[in-house]
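Residues 11 to 166, numbered by the numbering used here, are exactly what the sequence shown covers, in order. Positions of the beta carbon are idealized from the N, C-alpha and C atoms, including for glycine.
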Amino acid sequence: MNNEVINILTMAKVIQTAVAPVFLITGIAATLGVLSNRLARITDRARQLERRLKVSTDEDFNTSLATELRALLKRSRCIHIAFSLSVLSALLVCAVVMFLFLSHIQSINLSVTIACCFVAAMALLICAFISLLGEVFLATRSMRRGMIFADIDIND
11 MNNEVINILT MAKVIQTAVA PVFLITGIAA TLGVLSNRLA RITDRARQLE RRLKVSTDED
71 FNTSLATELR ALLKRSRCIH IAFSLSVLSA LLVCAVVMFL FLSHIQSINL SVTIACCFVA
131 AMALLICAFI SLLGEVFLAT RSMRRGMIFA DIDIND
């Protein structure tokens with residue numbers, strides 16, 4: 011085989027190797043969609059509560075609204091952290107793909123760099139999922155306390 015055919019076959023192998031991280035990026039993108047939806051729901055609920063807080067003169071009711079707003083703020087922080095960590099993880103996975111190609115094109119050994127980027131990407135993704143889990147725990151705790159359904163009339 012001539013040298014050009016070998017290079018094409020080697021490049022095909024590099025592309026095959028790069029496909030797995032690309033699937034990981036797709037999974038992270040799906041996670042970002044979930045996080046965006048959760049943040050949007052939290053934001054909508056907070057805006058609704060803020061409107062009620064502005065018009066209400068009942069101190070007890072205002073206190074319960076403020077408590078729920080604080081809980082929503084904690085949840086939004088968790089989502090923000092999870093979102094940021096997920097994006098950083100995706101960027102590192104992109105770097106893995108880029109370093110795979112650079113390593114092949116420039117014929118330099120970037121295996122340690124590639125491994126470090128991939129491990130860091132996985133660590134960030136683990137932390138993002140832990141943050142998401144924390145937000146779910148906060149949401150569940152708020153619901154158990156009855157804050158979310160406090161304004162619903164049972165007779166409806």
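Under the three-state DSSP convention, the category residue i falls into
i: residue 124; result: helix
i: residue 118; result: coil
i: residue 68; result: coil
i: residue 155; result: coil
Neighbourhood of residue i by C-beta, 7 Å cutoff - its chain only, sequence neighbours within 5 removed
i: residue 82; result: 52, 55 and 56
i: residue 105; result: 127
i: residue 148; result: 81, 84, 85 and 88
i: residue 144; result: 88
i: residue 32; result: 107
i: residue 99; result: 38, 131, 134, 135 and 138
i: residue 123; result: 109
Nonlocal neighbours in the same chain, by C-beta distance under 6 Å from residue i, ignoring five residues either side
i: residue 93; result: 45
i: residue 102; result: 127, 130 and 131
i: residue 138; result: 92, 95 and 96
i: residue 34; result: 103
Residues near residue i by beta carbon distance below 8 Å, same chain, minus five either side
i: residue 119; result: 113
i: residue 141; result: 88, 89, 91, 92 and 95
Any C-beta of chain C under 8 Å from that of residue i
i: residue 141; result: The displayed structure is made up of one protein chain only, and chain C is not part of it.
contact_flag[the region 111-131, the region 59-70] where n(CB pairs < 8 Å) is 3 or more: no
Three-pair Cβ contact test at 8 Å for the region 89-105 versus the region 35-46: yes
Stretch-stretch touch, CB-based, cutoff 8 Å, three pairs: the region 102-116 with the region 62-74: no
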